[in-house]
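Per the numbering used here, the very first residue in the sequence shown carries number 2; after that it's consecutive. Positions of the beta carbon are idealized from the N, C-alpha and C atoms, including for glycine. Keep in mind that this is a model prediction, so the values were computed, not measured. Taking it in order: structure first as structure tokens, then the write-up.
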Amino acid sequence: MARAHVLLLNPALGPLDYRADRDHPVENGSIVLAPLGPRQLVGVVWEEDSLPSADQVGDNRLRPLLGVYDVPPLGAPLRRLIEWTSDYYLAPPGAVLRMALPSSSALDGSRTITEYRASGVAPGRMTPQRQQALDRIGRRQGLIRELATVADVSEGVVRGLVKAGAIEAVTVAIDTPWPLPDPDHVQPDLSDEQTLAAGTLSEAVREGGFRPFLLDGVTGSGKTEVYFEAIAAALRMGRQSLVLLPEIALTEPFLKRFEDRFGHLPVAWHSELRQSQRRRAWRGIVHGEARVVVGARSALFLPYRNLGLIVVDEAHETAFKQEDGVLYHARDVAVMRAKLEGIPVVLASATPAIETRHQAAIGRYTELKLTSRHGGAAMPAIDAIDLLVDPPPRGRWIAPTLVRAIEDRLARKEQSLLFLNRRGYAPLTLCRTCGHRFQCPNCTAWMVEHRLLGRLQCHHCGHMTPPPAACPECKDEDSLVACGPGVERIADEVALLFPEARIAIATSDTLSTPARAAEFVERMEAHDIDVVVGTQLVTKGYHFPDLTLVGVLDADLGLSGGDLRAAERSFQQIAQVAGRAGRGAKPGQVYVQSHAPGAPVIQALLSGDAQSFYDAETEARRVADAPPFGRYAAIIISAEKSEDAAATARMVARAAPRIEGMQVYGPAPAPLAMLRGRHRQRLLVHARRTLDVQHVIRDWFGALEWPRGVRVAVDVDPYSFL
Ligand code: ADP
Ligand code: ZN
């Protein structure tokens, strides 16, 4: 008889022991089905010594495993990665494991899945709900549950339509093989600089072994083309590559570029996949046929059969930091996975994070530089517009100089991009009569007006209300005013100035799915759009040759929050959005509107002297012992009652150990004092780089107990201080 030590897909449990008999032979990494009370849970067989059980159950009391799935076991490097992530980010190993495994239905042997789609037959009886369902489902296909979500109706409505014959079942094969991308489909013609960088990366892929690279190339320098050569090298060796992108909106244009270079699409992995797609992708990945996977951060924990390369594109993006569930940073975990797998990892960026630059500076990462744009395109000219000297008229946000520049582009049939990092129409609505401000009932946040959707919305919890006709406070009618601009309001301003211009709004509201993002890219490329008004979503990755003007409407916006990375983030964001201008044959011009054009960030952007800006920022971090020189961990305590959160926060603070090289600040109410109906308190741990903060926190919390309903979360290397 063999004992099987199993980590179950349940974050509340540590590993448990089971009996594996002759019918169920297992090895470390085997994916199994195990009984837990009356339930059955998926789990993975684990080394006893690396994740010890809390208590030993005698051999005679072990329950037998129920089954072993017929898929390759999770590799040792992935098991070590799960342990490392759990340890470093203080997350239960079962919660991390969940990111590696699909639903149990994807594990069973079935080769098909039943999906549904409109049949084209009208139902005998039409109701408004049925009409809505059929309208919204359109030509989509998916599980009943997926269609009901798309249509915003109950599953019962969709089932009713199936009965009525208006929706039909289709059988989808989920083991259709993935086509192999062809490394020699197109021979790229690389510049000398690109050839050198591509050669170094390909060589590292062929040699194998952990090698971290920083691919630091100006916007439009062809970083993608360069790392494509490393992917080609991995393909020639029959090994898998993983490309992580910060936003799923970027996957669609990436897929297209990839197909042009390699003749076939890579495998996409992100939250918008249908279950059938997810199952097919997971099986391709675990069996090693899915050779190139492009995905959002969740693709990082998948069980690749023989991974040969990881690329993190736009590696500076803070979107790689996961802000709920397991709080991890995908860029950092990617480097750790590469280390454990013994393979190269490429962090690509035009504006690398200070943390990453530092690793290059101390020689841990090899830096590869691309200093010029492809095809001789020049870097755009960047000028500031001082809003105190050259202000827009009252109630408008586009300064006269920028208006003239847009006019000019319209006349020349070139495209313009206006950047404002604010979704919706206006960030605040208030009553002119009594001063009442519309606030979210669940969060410390204003309700943002979305005029296109006809509602006020909280950007933190999603709470929505129709815009009221009268003030709820003083009951005055027609007294509500929108304060400040969002992208919708800027789009209105452009429409007023240039009635003939074709305008698009590009935000996470309008480009919410890969399909909509793809449509946007097509319309830009076909020149169906003259002016784009967008949030940070359009600052990265895109390549539109006819886009020659970029206007940054409020360069001061990002500096106000005042957290440790505010200046760096502003710099990155503006440099990235500026980098969208003039990428083709036509030169680009960037205008940066600011009330303080003398600020170091803006001066660095204007002069193009990123180096001294980064040097100064890095020095400030060194002096403050901030990352990467020291480390932070935030402790966030939340509860439904404000007193409960405060009491637990005080108790946690009182129990803080006194340790040389570590300081604990707080507790204090979080800037976002209420979120989703929970009151929040924060503490901040600041420690020397060499201190094992995780160990300290585990000991510290191990001796504490807090009331049910109070949540205590630890955010190691925090990016948000709200
Ligand atoms: P980055 O990611 O560095 O901003 P991209 O990889 O998007 O730059 O490249 C910018 C544009 O230049 C893309 O359209 C790309 O296809 C093109 N490009 C870059 N290098 C080459 C090359 N060697 N041959 C042909 N096209 C290239
Ligand atoms: Zn809210």
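- In summary, G436 is exposed, with fewer than 16 beta-carbon neighbours lying within 10 Å of its beta-carbon over all protein chains present.
- Taking the C-beta atoms as reference points, R584 is found nearer than 8 Å to A378.
- In this structure, S203 has its CB at a distance of at least 7 Å from all heavy atoms of ligand 1.
- The C-beta distance from V293 to P267 rounds to 4 Å, short enough to fall under 8 Å.
- A heavy atom of ligand 1 is found nearer than 7 Å to the CB of L191.
- Set against 7 Å, the gap from the CB of T225 to the closest heavy atom of ligand 1 is smaller.
- Burial of D555 is indicated by the presence of at least 16 other C-beta atoms within 10 angstroms of its C-beta.
- A distance criterion of 7 Å places the beta-carbon of H451 beyond contact range of ligand 2, judged by its closest non-hydrogen atom.
- With fewer than 16 other CB atoms across the displayed protein chains lying within 10 angstroms of its CB, T113 is exposed.
- The bridge partners DSSP lists for L148 come to none.
- With a cut-off of 7 Å, the C-beta of S373 is classified as distant from ligand 1, since no heavy atom of the ligand falls inside that distance.
- Secondary structure of W85 (DSSP, three-state): helix.
- Following the DSSP letters along the chain, one finds K340 in no beta strand (DSSP E) but inside the alpha helix (DSSP H) bounded by residues A331 to E342.
- When the Cα atoms are used, A167 and P515 turn out to be separated by approximately 27 Å.
- By the criterion of a C-beta distance shorter than 6 Å, S203 is surrounded in its chain by E230, A231 and A234, once the five residues flanking it on both sides are discounted.
- Contact residues of ligand 2 (beta-carbon closer than 5 Å to any heavy atom; chain order) are C441, N443, C444, C459, H461, C462 and H464.
- Annotation: the stretch 346-405 contains the following complete segments of the alpha helix (DSSP H) (minimum length 4 residues), in chain order: 355-362.
- Within the DSSP bridge table, the entry for S417 names V532 and L550 as partners.
- As summarised for the stretch 153-177, the continuous beta strand (DSSP E) elements at least 3 residues long and confined to that stretch are 168-174, given in chain order.
- For L419, the closest C-alpha among the options Q577, P670 and R99 is that of Q577.
- Less than 8 Å separates the beta-carbon of E415 from that of K587.
- In this structure, Y90 sits near L328, with a CB-CB distance shorter than 8 Å.
- Secondary structure at D60: helix, using DSSP grouped into helix, strand and coil.
- Between the alpha carbons of A646 and D700 lies a gap of roughly 21 Å.
- The bridge partners DSSP lists for T430 are A483.
- Here the C-alpha atom of R452 lies approximately 28 Å from the C-alpha atom of T402.
- Every beta strand (DSSP E) of 3 residues or more that sits fully in the stretch 113-150 is shown, in chain order, as 113-119.
- Here W701 is not bridged, per DSSP, to any residue.
- Per DSSP, the unbroken beta strand (DSSP E) holding M675 starts and ends at M663 to L676.
- In this structure, ligand 1 has no non-hydrogen atom nearer than 7 Å to the beta-carbon of A518.
- Shortest gap from the CB of R584 to any heavy atom of ligand 1: under 7 Å.
- Beta-bridge analysis with DSSP links T466 to L457.
- Residues of the same chain with a CB within less than 7 Å of the CB of G631, apart from the 5 flanking positions on each side, are H687, A688, R689 and R690 in chain order.
- DSSP, reduced to helix, strand and coil, places I660 outside both helices and strands of the structure shown, so it counts as coil.
- Shown here, P94 sits in a helix according to DSSP, grouped into three states.
- If you check the C-beta of A579 against ligand 1, you find no heavy atom less than 7 Å away.
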